[in-house]
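Chains as they are written, first to last, in numbering that gives the first Met the number 0: chain C, 0 to 344; chain X, 0 to 344.
The beta carbon of each residue, even a glycine, is placed where N, CA and C say it ideally should be.
Have a look at the structure below, then the notes.
Protein chains: 2
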Amino acid sequence: MPNDHKMADGIFNKKVTSRVTMADVGRLAGVTQVTVSRALSHPDKVSKDTLRRIQDAIDATGFVPNAVAGALASKRSNLVSALIPSLTNVVYTSFMATFSDHLRQNGYQVLLSETGFNTASEDALIATHLSRRPDAMLLTGIHHSDKARKQLQGAGIPVVEIWDITDEPIDICVGFNHSAAGHAVAEYLKAKGHAFAATITADDERALRRQSAFAERFTVLSQNAVPDANTGGTASIGAGRAAMAHLIDHSDFRKGAVFCSSDLSAHGAIIELRARGFRVPQDIAIVGFGDQDFARDIDPALTTVAVDRLRLGHLAASSVLDKLMGQPIKSVHDLGFKILTRLSA
Amino acid sequence: MPNDHKMADGIFNKKVTSRVTMADVGRLAGVTQVTVSRALSHPDKVSKDTLRRIQDAIDATGFVPNAVAGALASKRSNLVSALIPSLTNVVYTSFMATFSDHLRQNGYQVLLSETGFNTASEDALIATHLSRRPDAMLLTGIHHSDKARKQLQGAGIPVVEIWDITDEPIDICVGFNHSAAGHAVAEYLKAKGHAFAATITADDERALRRQSAFAERFTVLSQNAVPDANTGGTASIGAGRAAMAHLIDHSDFRKGAVFCSSDLSAHGAIIELRARGFRVPQDIAIVGFGDQDFARDIDPALTTVAVDRLRLGHLAASSVLDKLMGQPIKSVHDLGFKILTRLSA
DNA sequence: ATCAAAAATGTATGCGCATACATTGCGCTG
DNA sequence: CAGCGCAATGTATGCGCATACATTTTTGAT
Numbered sequence: 000m001p002n003d004h005k006m007a008d009g010i011f012n013k014k015v016t017s018r019v020t021m022a023d024v025g026r027l028a029g030v031t032q033v034t035v036s037r038a039l040s041h042p043d044k045v046s047k048d049t050l051r052r053i054q055d056a057i058d059a060t061g062f063v064p065n066a067v068a069g070a071l072a073s074k075r076s077n078l079v080s081a082l083i084p085s086l087t088n089v090v091y092t093s094f095m096a097t098f099s100d101h102l103r104q105n106g107y108q109v110l111l112s113e114t115g116f117n118t119a120s121e122d123a124l125i126a127t128h129l130s131r132r133p134d135a136m137l138l139t140g141i142h143h144s145d146k147a148r149k150q151l152q153g154a155g156i157p158v159v160e161i162w163d164i165t166d167e168p169i170d171i172c173v174g175f176n177h178s179a180a181g182h183a184v185a186e187y188l189k190a191k192g193h194a195f196a197a198t199i200t201a202d203d204e205r206a207l208r209r210q211s212a213f214a215e216r217f218t219v220l221s222q223n224a225v226p227d228a229n230t231g232g233t234a235s236i237g238a239g240r241a242a243m244a245h246l247i248d249h250s251d252f253r254k255g256a257v258f259c260s261s262d263l264s265a266h267g268a269i270i271e272l273r274a275r276g277f278r279v280p281q282d283i284a285i286v287g288f289g290d291q292d293f294a295r296d297i298d299p300a301l302t303t304v305a306v307d308r309l310r311l312g313h314l315a316a317s318s319v320l321d322k323l324m325g326q327p328i329k330s331v332h333d334l335g336f337k338i339l340t341r342l343s344a
Numbered sequence: 000m001p002n003d004h005k006m007a008d009g010i011f012n013k014k015v016t017s018r019v020t021m022a023d024v025g026r027l028a029g030v031t032q033v034t035v036s037r038a039l040s041h042p043d044k045v046s047k048d049t050l051r052r053i054q055d056a057i058d059a060t061g062f063v064p065n066a067v068a069g070a071l072a073s074k075r076s077n078l079v080s081a082l083i084p085s086l087t088n089v090v091y092t093s094f095m096a097t098f099s100d101h102l103r104q105n106g107y108q109v110l111l112s113e114t115g116f117n118t119a120s121e122d123a124l125i126a127t128h129l130s131r132r133p134d135a136m137l138l139t140g141i142h143h144s145d146k147a148r149k150q151l152q153g154a155g156i157p158v159v160e161i162w163d164i165t166d167e168p169i170d171i172c173v174g175f176n177h178s179a180a181g182h183a184v185a186e187y188l189k190a191k192g193h194a195f196a197a198t199i200t201a202d203d204e205r206a207l208r209r210q211s212a213f214a215e216r217f218t219v220l221s222q223n224a225v226p227d228a229n230t231g232g233t234a235s236i237g238a239g240r241a242a243m244a245h246l247i248d249h250s251d252f253r254k255g256a257v258f259c260s261s262d263l264s265a266h267g268a269i270i271e272l273r274a275r276g277f278r279v280p281q282d283i284a285i286v287g288f289g290d291q292d293f294a295r296d297i298d299p300a301l302t303t304v305a306v307d308r309l310r311l312g313h314l315a316a317s318s319v320l321d322k323l324m325g326q327p328i329k330s331v332h333d334l335g336f337k338i339l340t341r342l343s344a
């Protein structure tokens, strides 16, 4: 009998199963707790024979190590916490898949939460996450409250900021220059011969930065103002359609190019244009952002700005891992971006 | 000086910051550790005055409670772990957003991982997650290995299985009957006058169940075989296009209806059909699954099977919470489903 | 003013593990 | 065959907090 202090239980299953501990396993295998601990974390330091007996005991008892106790004792939680703006936006979640995978292979688990593009909730989440004593933390973007920066500094753990770059990262940042992307699209469209342009932008700080850089540059190049339709909230096909409709109904924009802050809204814009009988790109050209998987599959295939998300995931993960291993690492990684010319612009 | 055993650090920042503990905060506020603990978890049991002094001390020191130690001592981690097949599939992540939110409001944090539609990796993840001693666990689907069931039973925590129902849940399940959905769509399409039908299905156990129920029922009703194009892997617009192309190129299917296992592949199918000059729904009608946000926004608007995901999220969360509070609860929740008739079928 | 009850705080303890250090036994060199 | 070195295991301890219980202080009713 491992534990003898079972609670008095009702008929319904509460905590009936007395949790098995390393001591219980050891008792069964004829060794002490510390040998069981070693068998699990440093098997080379335990004899072949006891290793087998311990393994048998583990199987017999269904022992599951208590990582909570382990973390408290060792001061390493093997947790990496990650905060992303939205769980439902593939741009962020596809990154997370890569990132988690890479970390999992190195023994870390990812504690993921959604901030909702909201600084106040980010602050609260940072505190909650830090209370779990993660070994590292990943944040989206480079704008964080003073309170957040202070707490993170106090935690003394590696911090990676992604999707953007700055000369003064909290610790490490991996991303690209959003203004530069806006400028590049402006130049691309001007070079394609467009004299008029508009933008469709979601309420996202980075998207707004791309938009204003685009508008500023395109205005200089073409001497024409660049109307913007803000979708409010998050980008979606529906929001893109609505924004495109708004642009046509409330401005004299009938010919030119539209730079959308997301492939999703770009797709919506295309659907709206086609429904209204416009030709894409002959009447209105569309440029998206993000190179989501569907961008090449819609009709017409979407011209968009691509960032190497796979590389972003890998770099973010390996930066964290390197830092955790104590290796000095580069703290600002500029991934760059690429305009993928397809049919829509 | 809270801690006096700082490690010898290199030039680069390792763990320099000596972590502040409740004892440190207490010392500063002139009370003991336990009063600080109480101030945080049972503020009503601490006098107004000391409460204020403790708060000041917390602010001054930047104290962040150590939830790891708390969990070890109290045997409650305030963690709920959740395993979903894919982080990039909005169907699952939108559910998670609701679920996490609801739990967060009740003081729980969600530890989320992706299983990748893969039983082996699910087993491994279950063990890893259980090692963090979550207070409850959420799984997707009702098919789990014996080993997994055993471990979960041993953990003695509430377990919710979602997206499907069964008479023998591990503990609680919230979902709907996938076969019934397949049957309903078959009857719907037959009633609409279709004599021919095909399916486009992803490699997902539940999708396959809907598909086979659909095919079986439609065959009975129409006396015509139902060809299937498996997209392999996950549903996507690209996969839907390819599957639709395959269907047309490799069968004599030219007129009828197609039941897709996801709105995403349905959307792809529509794009492919239009690119080939087919009219939707006049030539070929399309039914999706999931009622994702874009379903109403594409052209033609997508007829699809809707499940109340919001309700799913709420029910899953509140079932867990109720069970954690010790309240006896219903263990099988059938959410049902609804065919939303729009333009595509 | 008195005393019991309630409020406020403190003391003692252990959760389950990792880690530093101590001990044992054994093969091997010279 | 003494003595050294290493492999294998054990002992002792504490991580930071929650909780049961003990003690002190305050309150209020008489």
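Given residue i, which residues of its chain have a CB within under 6 Å of its CB, disregarding the five upstream and five downstream residues?
i	result
Arg132/C	Ser76
Leu137/C	Ala81, Val159
Ala206/X	Thr200, Ser260
Val304/X	Ala180, Phe288, Phe336, Ile338
Thr31/C	Gly25
Ala70/X	Ser76
Phe62/C	Val19, Val24
If you run the structure through DSSP and keep just helix, strand and coil, what is residue i?
i	result
Glu167/X	coil
Ala143/C	The sequence shown places His at residue 143/C, rather than the Ala named in the question. Note: His143/C maps to coil in three-state DSSP.
Asp227/X	strand
Asn12/C	Note that Asn12/C scores a pLDDT of 32, beneath 50, so its modelled location is shaky; the value from the coordinates is reported in the next line. Coil at Asn12/C, not helix or strand.
Ser221/C	helix
Lys191/X	coil
Thr31/X	coil
Val306/C	coil
Val89/X	helix
Phe258/X	strand
Ile53/C	helix
Leu301/X	coil
Gln150/X	helix
For a quick check, are the C-beta atoms of residue i and residue j less than 8 Å apart?
i	j	result
Ile236/C	Ile270/C	yes
Pro84/X	Ser130/C	no
Ala185/C	Ile338/C	no
Val45/X	Ala38/X	yes
Leu342/C	Ala300/C	yes
Val173/C	His332/C	yes
His245/C	Ala228/C	yes
Leu188/X	Ala344/X	yes
Arg208/C	His177/C	yes
Ala135/X	Val79/X	yes
Ala154/C	Glu121/C	no
Please list the partners that residue i has in chain C, where partner means a Cβ-to-Cβ separation under 8 Å.
i	result
Pro64/X	Ser130
Glu113/X	Ala96, Ser99
Please compile the residues from chain X whose C-beta is within a distance smaller than 9 Å of the C-beta of residue i.
i	result
Thr127/C	Ala66, Arg103, Gln108
Ala274/C	Asp298
What does residue i touch in chain X if you count any residue whose Cβ is under 8 Å from its own?
i	result
Val89/C	Thr87, Val89
Ser76/C	Val67
Thr302/C	Those do not exist, as Thr302/C stays about 17 Å from chain X at its closest Cβ, beyond 8 Å.
Arg240/C	Asp296
Within the same chain, show all residues whose beta-carbon is closer than 8 Å to that of residue i, passing over the 5 residues directly before and after it, in chain order.
i	result
Phe195/C	Ser221, Asn223, Phe252, Lys254, Gly255, Ala256
Leu309/X	Thr97
Pro226/X	Ala197, Thr198, Leu246, Ser250, Phe252
What residues in its chain sit with their C-beta under 7 Å from that of residue i, if we drop five residues either side in the sequence?
i	result
His142/X	Glu204
Gln326/C	none
Gly312/C	Phe94, Thr97, Phe98, His101
Ala234/X	Ala201, Ser260, Ser261, Leu263, Ser264
Leu272/X	Met243, Val279, Ile283
At a threshold of 7 Å, does residue i count as lining the ligand FAD (C-beta to nearest heavy atom)?
i	result
Ser260/X	In the structure shown, the ligand FAD is absent, as is every other ligand, since no ligand is present at all.
Quick one: which chain X residues come within Cβ less than 7 Å of residue i?
i	result
Arg71/C	What sits at residue 71/C in the sequence shown is Leu, not Arg. Neighbours of Leu71/C on chain X, chain order: Val67, Ala68, Leu71.
Count the CB pairs spanning the segment 88 to 107 of chain X and the segment 156 to 171 of chain C that are closer than 8 Å, and state whether there are at least three.
no
Is the segment 108 to 121 of chain X touching the segment 108 to 115 of chain C, taking contact as three or more C-beta pairs under 8 Å?
yes
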